[in-house]
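Before any comments, here is the structure.
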Amino acid sequence: MSWVDPLAEQRVSTGTPGLDRMLGGGLIAGRPYLVTGGTGSGKTLLGLTFLLEGLRRGEDVLLVAVDEPPSEILENVRSFGWDLSAVKTLDANPGTRAIKRSAAVQEIRAMNDLKTMREMSQETKRSADAEDISIQSIQLKLRQQMQGTPFRRVVVDSITSVRRFAVKSSVDPQAERTEIQSLLRFLSESGTTTLITATPSDPAVLTAEEILTRGEVLLTRKWIADRSVRQLKIVRMRGAAHDPERRPFVISPQGIVLG
Amino acid sequence: MLEGGLVPRRPYLIVGASGTGKTTLALQFLCEGARRGEHVLLVTLEEPPNEARVNHRALQPDLDRVEVFDAIPDIMRYERTPFKDIASVRSATPFGIVPPDIRRTPELSSVEVTITALEQMLRTEVLRRNYTRVVIDSLTALQYFCMKGFDPTAGAQTFLRFLSDLRVTTLLTVESPLEDLDTPERMLARGEIRLFRWELDGMSVRAIGVEKFRGSPHDVRLHPYRIGPRGIDINLDVTISRDTRQILEPIVPVVAVSPPAPVPPGFVSLLDPLTEEVRDLVAVGVDVTPVRTEVETALGAATANVMDEVSTHLARATALTVGLAESLLEGPSPPIPRSDDAEAAFRRIRQRAEGSRAGIAPTELPPREALTSQLSRFLGLVAPPTPPPVPAPEPAPTELRAAPAAPNPSPAPSPEPPSAEAPAAPTPGAPPGLPDVGVVPELPAADAPPPLPVAPPLLLHGTVPEPTPLTAPIDAPSEARAEERALPTTPVPSAAVPTSIAVAPPVATPHEPAVPSVPVIPAEVGASETPAAPKKRRRTTTPRKKVVKEPAPALDGAAPPTPEPTASPPATGEVVPPDTTPAKPKRRAPRKRKAPSVVAAEVVAVPAGAMVERPDPPVAADPPPNPSPPEGA
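This is the structure:
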């Protein structure tokens, strides 16, 4: 029996050509992946590139912005000349809420409708608008929005911050893990290819997303000889033969360019 | 690396960081079972079945026959929906009929995956489907996502205990980001295989090692591996250093034949620990007949110059010894003879089972003459139970059982020691000195000699049972002796001499020089199982790791190109390996292991007039060996 690779046509391009090559064509569709890196490592950029690639192909894409508010993201890529205005965004950044979080909030309120980046940049966020986020509410919101058309690509930037800022539905750490599991499961069942960014944490502690994601890309930056070198490495990738080596890259107006 | 595979019906762990190939290894284990026609099950808590099927398409067509149970929790509803028990909603299906898309969470209900529900499902399904191999992928996901309200460690421990009771060979994968973490639940596994992934000059290097394999000898070295197109591909010819991450000097492959030379110490060191263990077992009264039979068969093979058989049988002897020790420790409290020796022996047995045995150095099979003498020496040192000396009119040297090597009266080369006496339960009608007549077809049951004297049960070592109860019946039916003479199975030349209980293992027999005084009795009852069995018995479990030598695109891993597969004799210089040829039918050995407990009353059959004074069991000629693990890294 000859086995044709059933995934050959289902690879999803990351938008970064060098990375696609390392992946043997791209990501396998419909699965969640992890992008790990410290601040300034380029993980958000990688996610944005991924979304823009989807836009280029006429797909519906979504950014769940937690680390930075959308306005900041827009700012950061403006120097590259990128136009993110059409990227739908779920603003989950706590912003000024952080100050208000002394009171324990039990309820989970519905979130505002998703807005495009452009719409968001034109508004000033008022504290009163700020709602609390939770993993559960993110899932509910997505479900709501995806009743019509599912998003083909979703980036959650970053799950680390979601964990930090989200309202806990209970003190049981199990609850958080099962909620993350449920969120990723929801996205998989919807056929969405998901990128989740994360900051590396204690290497001895295994996080739920490390178990749940089907692959991981690690972005690092270190001093080699006389310069600071950025490196990308595919830590793991289920079901796909991939380049296991660390590859250097630079960040340029073209985005992440592997050398 | 495991010397033939896993000891069945125990839980094992595969531990490693993400992406090291745990699921692949576990699936290869299942596919091996599927290939043999077994029912095997994957319980997946991580990778959806549709993805697993696609990701491991290289394992087809066996993979399609593996059954998979999807234990991944549904999307949470966050509203009041009835919780359903997972077993009532889902069932195991063969991979072959898994749909290509991910399973969809039902709209109106939510399935909760709990440990209790999983245990219940496993209990039912293992019974119903008779699974012989189960994989839980992964124990970590089980702890992370299915233990609401439980302490994850306690929950995992309970689950492992449950699996031990289930008595199905089970592999559990464990995600472990760090290398040296040893968590409490891991202590409950019978063995653990560790997968490492290191960086070396920016490249990924993979290594595999046996972290523990309780009570069984195993390879203690780290070997590099890669995830090739056919699965996990281990390079057994080299080792890799944990510290330097460098490949070490390749081990020179061992060739079986060498010019006449003194016995290489390695081979002796294989037999010495085995001797120790078997003697301890004998000291506590365990019937070691199966082990002796294997060694006898090995001896026969050596005599016949079928060298590759020798290693197989020796490996099997080792495995059987382990199994006997296990049954002893895990079965009901055995009646241990009350003696310091026996108790010390029992302690040693227990210690060995608790500890992790060091790997045995690679051995070269010595040339045939040396080999046969070594093997017969072993057989002599590990004497089967001997009947008490009985006054006999004409002692015939051939009646001597368990000829110890030194005082071996038999003129023939030792390869034919009369082996184990009948361990079968006595039946009335069996003449003393003969096994249970009812089972040996040739012996007419109509000859109704007096009932066999029953020796104190389980006393199989050299101590002599009370002669009194035995002499009487033996003296009495001297007429029976005459009848025995008439039995076709006892071509004993001397008229008055009763038959011996010697059992000639069929394999070894043809190679015996024709010693007319050696009676050729068809296999005895208890022993009839064992000598006959080696013919029928299949090979032991093939090593789980296929050493697939293929020039695959080296996209991943830094292992050196794997060499060509070598022939079946100890090819890689590992411990005397079972043959690595594929296509082994199902292992029958598990039945063997039950033998000691099944055999209740040992009959120390006494051949009337047979025994000359029985020499004392020989003292160990060699100091107890202390096999130290070879320097692996």
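As given, the protein sequences belong to chains A and B, one line each in that order.
Start counting the first sequence at 1; every next residue gets the next number (this note's numbering).
Start counting the second sequence at 260; every next residue gets the next number (this note's numbering).
The C-beta atom is built at its ideal place from N, Cα and C for all residues, glycine as well.
**OP:** Have a look at LEU588(B), ARG485(B), PHE342(B), ASP599(B) and flag the residue whose alpha-carbon is nearest the alpha-carbon of ILE608(B).
**Re:** LEU588(B)
Original post:
Can you tell which of THR498(B), GLY468(B), GLN505(B) has its C-alpha closest to the C-alpha of MET462(B)?
Top reply: GLN505(B)
**OP:** Would you identify the three-state DSSP class for PRO532(B), choosing helix, strand or coil?
**Re:** helix
Original post:
Do the CB positions of SER368(B) and PRO341(B) come within less than 9 angstroms of each other?
Top reply: Taking 9 angstroms as the Cβ cut-off, SER368(B) and PRO341(B) qualify as a contacting pair.
Original post:
What whole-angstrom Cβ distance do LEU425(B) and LEU381(B) have, given they're in contact under 8 angstroms?
Top reply: Their Cβ separation, rounded to whole angstroms, is 6 angstroms, which keeps LEU425(B) and LEU381(B) in contact under 8 angstroms.
Subject >> Beta-carbon separation (whole angstroms), VAL35(A) vs GLY47(A), contact threshold 8 angstroms >> reply: Yes, they are in contact, since the Cβ atoms of VAL35(A) and GLY47(A) sit about 7 angstroms apart, within 8 angstroms.
Original post:
Is ARG636(B) helix, strand or coil when you go by DSSP?
Top reply: helix
Original post:
What residue range is occupied by the uninterrupted beta strand (DSSP E) comprising ALA376(B)?
Top reply: Note, ALA376(B): premise wrong, no beta strand (DSSP E); alpha helix (DSSP H) at 374-388.
**OP:** Return the bridge partner residues of GLY255(A) from the DSSP annotation.
**Re:** SER252(A)
Original post:
By how many angstroms is the C-alpha of GLY639(B) removed from the C-alpha of PRO519(B)?
Top reply: Bear in mind that the predicted position of PRO519(B) carries a pLDDT of just 46, short of 50, making it too unreliable to give a figure here.
Subject >> Presumed contact (8 angstroms Cβ cut-off) between THR39(A) and PRO70(A), rounded CB distance >> reply: Not quite, the Cβ-Cβ distance comes to about 18 angstroms (not below 8 angstroms), so this is no contact.
Original post:
Counting Cβ pairs closer than 8 angstroms, one from the region 276-287 of chain B and one from the region 479-496 of chain B, do we hit at least three?
Top reply: Result yes; three or more Cβ-Cβ pairs closer than 8 angstroms.
Original post:
To the nearest angstrom, how far is it from the Cα of LEU430(B) to the Cα of ARG294(B)?
Top reply: 17 angstroms
Original post:
Quick one, are the C-beta atoms of ARG453(B) and VAL469(B) less than 9 angstroms apart?
Top reply: yes
Original post:
How about LEU292(A) and ARG153(A): are their beta carbons less than 9 angstroms apart?
Top reply: Nothing in the structure corresponds to residue 292(A), since chain A is present only between 1 and 259.
Original post:
To which residues of the same chain is LEU507(B) closer than 8 angstroms at the C-beta, ignoring the five residues directly before and after it?
Top reply: VAL497, THR498, ILE499, SER500, ALA892
Subject >> GLY81(A) to PRO253(A) span [Cα, whole Å] >> reply: 7 angstroms
**OP:** Whole angstroms is fine: what's the gap from HIS242(A)'s alpha carbon to MET22(A)'s?
**Re:** 6 angstroms
Subject >> CB contact check: VAL370(B) to chain A, cutoff 9 angstroms >> reply: Taking 9 angstroms as the CB threshold, VAL370(B) stays off the interface with chain A.
Subject >> Test: ASN389(B) CB closer than 9 angstroms to a CB of chain A >> reply: no
**OP:** Run down chain A in chain order and give the residues with a C-beta less than 9 angstroms from the C-beta of MET462(B).
**Re:** PRO244, GLU245, ARG246
**OP:** Keeping to the same chain, check which residues put their C-beta closer than 8 angstroms to that of ILE374(B); ignore five residues upstream and five downstream.
**Re:** LEU401, CYS405, MET406, PHE409, GLY414, THR417, PHE418
**OP:** Compute the beta-carbon to beta-carbon distance between VAL581(B) and SER435(B), rounded to the nearest angstrom, for a pair I have assumed lies under 8 angstroms.
**Re:** Rounded to whole angstroms, the Cβ separation of VAL581(B) and SER435(B) is 27 angstroms, and the two are not in contact under 8 angstroms.
**OP:** Return the chain-ordered list of same chain residues with a C-beta closer than 6 angstroms to the C-beta of GLY355(B), the five sequence neighbours on each side being excluded.
**Re:** ASP323
Original post:
Would the beta-carbon of ARG230(A) fall within 9 angstroms of that of GLU216(A)?
Top reply: no
Subject >> Sequence-distant residues of its chain with Cβ nearer than 7 angstroms to VAL12(A) (five each side left out) >> reply: Same-chain partners within the cutoff: GLY26, LEU27, ALA29, THR193.
Original post:
Are the beta-carbon atoms belonging to LEU304(B) and VAL393(B) less than 9 angstroms from one another?
Top reply: no
Subject >> Contact with chain B by THR178(A), beta-carbon distance below 9 angstroms >> reply: yes
Subject >> ASP478(B) versus ALA448(B) - alpha carbon distance >> reply: 18 angstroms
**OP:** Tell me, please, whether the region 211-225 of chain A touches the region 53-66 of chain A by the rule of three or more beta-carbon pairs shorter than 8 angstroms.
**Re:** no
**OP:** Please list, in chain order, all residues of the same chain as ARG312(B) whose beta carbon is under 6 angstroms from its beta carbon, the five residues on each side excluded.
**Re:** PHE354, VAL357
Original post:
So, does the CB of ALA400(B) fall closer than 9 angstroms to a CB anywhere in chain A?
Top reply: yes
**OP:** Taking HIS572(B) and GLU553(B) to be in contact with their CB atoms under 8 angstroms, please state how far apart those CB atoms are, rounded to whole angstroms.
**Re:** 5 angstroms
Subject >> Where the beta strand (DSSP E) containing THR303(B) begins and where it ends >> reply: 298-303 is the extent of the beta strand (DSSP E) around THR303(B).
Subject >> Contact list for THR364(B) against chain A, beta-carbon separation under 7 angstroms >> reply: GLU189
**OP:** Locate the beta strand (DSSP E) running through ALA371(B), then write down its first and last residues.
**Re:** First, the amino acid is wrong: residue 371(B) is Glu here, not Ala. First-last of the beta strand (DSSP E) with GLU371(B): 369-371.
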